[in-house]
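First up is the structure itself, then whatever we jot down about it.
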Amino acid sequence: MLDLSVKLAGVTLKNPVVVASGTFGFGREYSQFYDLGELGGICAKGLTLHPRTGNPAPRIAETPMGILNSVGLENPGVDAFLTEELPFLRQFDTKIITNISGNTPEEYGILCEKLSDAGVDLIEVNISCPNVKAGGLAYGTRPDLAAEVTETAKKHAHGVPVMVKLSPNVTDITEIARAAEGAGADALSLINTIRGMRIDPETRRPILRMNTGGLSGPAVLPVAVRMVWEVSQAVPLPILGMGGVSKGTDAAQLMLAGASAVAVGTALFADPFAPLKVRDGLAELAERQGLPSVAALTGGVKPW
Ligand code: SIN
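Letter 199 of the sequence shown, counting from 1, is numbered 207 in my numbering, and no numbers are missing.
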């Protein structure tokens, strides 16, 4: 029997497939399609201390192999999540990951206090949102600030593992990875979206109201694989790999590059069942290769 379970920062996931923050809401819509307990974990839509309406529309633009988004962290705020959404998610036999963003390190600390007190399984610290003025990428592109946010989050997470979400919009992602590790991160997740832009040649207006946004979907998979590979060699932390995963062989690439688990995001918009297909595809590949577990794929790349 193939063992599908994996460990991520000491948390056991029943299978390596998690749904990525911002692509699954709080699970309600997808729960009409299947039992959310089939998933290794659910990463909830990114939370902030106070509710946010997000950026003005249009904030989604299709591209040939993915989408650009400039959502701007629309969410009901952490308190509404705790009273209205967390009890719903708790019905399912899966791990609950919460993604947090703050305007200041102190805000990250308060968010960690509230969420760890509520007993979430893992906290993903988002220092990589490309669509907000304060916080976001400002923290994810400077090692000193990434370290400060990580340290504050760790101090207030009361033992709940802290996973720092890295941006690909940097010259050397390993610098930020090392800073997060040095500040006590328990895991890393990567990659967030790659900054991009589309322009209507007739109106000469950018398609997105914020002019630029973050690119996700199949186009970014090779970038994600390369960055997971680089980070896995630079730091000894477990990695949640993401970026353009829509089938088992995509997930296998991220795991071979060094990820312990994978997140499925943009693929969900076209196919709500994508995470289950990724899980089954990974299992099929591992079985065909005679592996005892899917975890045996992690770090197995044979570089030339
Ligand atoms: C957004 O809400 O703008 C996307 C979140 C992110 O990229 O971290």
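A virtual CB, placed ideally from N, CA and C, is assigned to each residue, including glycine.
| For P316, which residues of its own chain have a beta-carbon under 7 Å away from its beta-carbon, when the five flanking residues on both sides are left out? | In the structure as shown, the chain starts at 9 and stops at 312, and residue 316 therefore has no counterpart that could be examined.
| If you run the structure through DSSP and keep just helix, strand and coil, what is L248? | strand
| field | Exposure label - W312; buried when at least 16 CB within 10 Å | value | exposed
| Per DSSP, cross-strand counterpart(s) of D11 | S301
| task | Using 10 angstroms around the beta-carbon of I104, count the other beta-carbons present and answer buried if the total reaches 16, otherwise exposed. | result | buried
| said: Suppose only complete runs of 3+ residues qualify. What are the beta strand (DSSP E) ranges in the region 69-129, listed by chain order? | reply: 74-77, 103-108
| For R287, does the count of other Cβ atoms within 10 angstroms reach 16, so buried, or fall short, so exposed? | buried
| field | Heavy atom of the ligand SIN within 7 Å of G80 beta-carbon | value | yes
| Which term fits E115, buried or exposed, when burial requires 16 or more other beta carbons within 10 angstroms of its beta carbon? | buried
| task | Count the other CB atoms, across all protein chains shown, that sit within 10 Å of the CB of D208; report buried if there are 16 or more and exposed otherwise. | result | exposed
| Along the chain, which unbroken stretches of the alpha helix (DSSP H) at least 4 residues long are found entirely within the region 199-257? | 229-242
| field | Coarse secondary structure for I131, derived from DSSP in three states | value | strand
| message | If you reduce the DSSP assignment to three classes, tell me which class S197 lands in. | response | strand
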